[in-house]
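Below is one structure, written out as structure tokens; the observations come after it.
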Amino acid sequence: MSAAPYSVIRPGTFDNTTVAGILEYLHQHGANASVACVRLFTVGLGTRPCPVNATCQGPTNTTQLAAAINNISLVLPSTALLQSHFTGKSRGVYGSNFPVMPLSQFNYTGVSPNNRNVATGTKLLVLPFNATVELVMQDTSILGIESHPLHLHGFNFFVVGQRFGNYDPVNDPMRFNLVDPVERNTVNVPAGGWVAIRFLADNPVVWFMHCHLEVHTTWGLRMAWLVLDGSLPNQKLLPPPSDLPKC
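For the sequence shown, our numbering puts the final residue at 249, and the numbers step up evenly by one.
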């Protein structure tokens, strides 16, 4: 057994007396399959204007703290997303145009940009059934770098890469571990770094992904995936039970 340091912040000294065992799974579906969808998410903090006639405790008294994924701070709708999708009545509830990459590219881990405002909205990212998804989540230095534990509902995923600094889409994928990556449903986005995961979108429904620091979730660091139905009967979203209470 070998020992290696693991840290989501830049490590200092390492306790060589602590050894971590490496587990290898028998079935690693999706880790080394052909990738159909590649997505890049920025994950971090930001600000938004104070409500009218209010004083906030943000960086200034006219702003409040916020958080976002790809600069979209999710606003929870008054009608359930799953219900709206199943009934085909999404108009006015959500849009299906969540950005698949940052709308504004910058030095994510460098000096914080002057514009720190986030956009708000209710947008879903649509995935075809059974697609292998590669998702890179990049921390930003806006209001300071921080490690964010991101949790994905509905799926396990493989952690294929993780480093400090800005993600390099040309060179970093060549370092991905597609042989024996760990399987998780929650992963830390390193402070001032990035993490890459892969999962198989074989569970058709609306699934929530959010930061497990609850205050960040309430600030808007959350999003939802919409996985479409497959062609077979057992690959489709089941209807709600007849006695399901209405939202």
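The C-beta atom is built at its ideal place from N, Cα and C for all residues, glycine as well.
In the three-state reduction of the DSSP assignment, residue 49 falls in the strand class. With respect to residue 230, residue 79 sits apart: the two C-beta atoms are not nearer than 8 Å.
Judged by DSSP in its simplified three-state form, residue 119 adopts strand.
Rounded to the nearest whole angstrom, the CA to CA distance from residue 27 to residue 55 is 56 Å. The alpha-carbon separation between residue 61 and residue 67 amounts to approximately 8 Å.
Across the structure, residue 99 and residue 126 are spaced so that their CA atoms are roughly 6 Å apart.
In this structure, the straight-line span from the alpha carbon of residue 41 to that of residue 137 is close to 5 Å. Counting only the Cα atoms, residue 149 lies some 10 Å from residue 196. The beta carbon of residue 133 sits closer than 7 Å to those of 38, 39, 203, all from its chain and outside the five residues before and after it, given in chain order. In the structure shown, the three-state DSSP call for residue 174 is helix. Rounded to the nearest whole angstrom, the CA to CA distance from residue 156 to residue 205 is 7 Å. Put simply, the backbone Cα of residue 118 is about 46 Å away from that of residue 245. In this structure, DSSP gives residue 59 a state outside helix and strand, which the three-state scheme calls coil. When the Cα atoms are used, residue 189 and residue 161 turn out to be separated by approximately 8 Å. As summarised for the stretch 143-187, the continuous beta strand (DSSP E) elements at least 3 residues long and confined to that stretch are 150-154, 159-166, 184-186, given in chain order. Within 10 angstroms of the beta-carbon of residue 139 lie 16 or more other beta-carbons, which makes it buried. Under the DSSP assignment, residue 212 falls in the beta strand (DSSP E) whose first and last residues are 208-213. In this structure, the CA atom of residue 96 is about 47 Å from the CA atom of residue 21. For residue 224, same chain residues with a beta-carbon under 6 Å away, outside a window of 5 residues either side, are 76, 212 in chain order.
Residue state for residue 88 is assigned as helix, using DSSP reduced to three classes. Here residue 11 has 193 as same chain residues with Cβ atoms under 6 Å from its own Cβ, once five neighbours each way along the sequence are excluded. Residue 115 is not a Cβ neighbour of residue 44, given a cutoff of 8 Å. With a contact defined as Cβ atoms closer than 8 Å, residue 186 and residue 166 miss out at about 19 Å. Of 84, 228, 169, the smallest CA-CA separation from residue 241 is found for 84. The beta carbon of residue 201 sits closer than 8 Å to the beta carbons of 32, 134, 135, 137, 154, 157, 158, 159, 160 from its chain, once the five residues preceding and following it are set aside; these are given in chain order.
Shown here, residue 81 sits in coil according to DSSP, grouped into three states, outside any helix or strand. Between the beta-carbon of residue 69 and that of residue 90 there is about 31 Å, and that puts the pair past the 8 Å contact cut.
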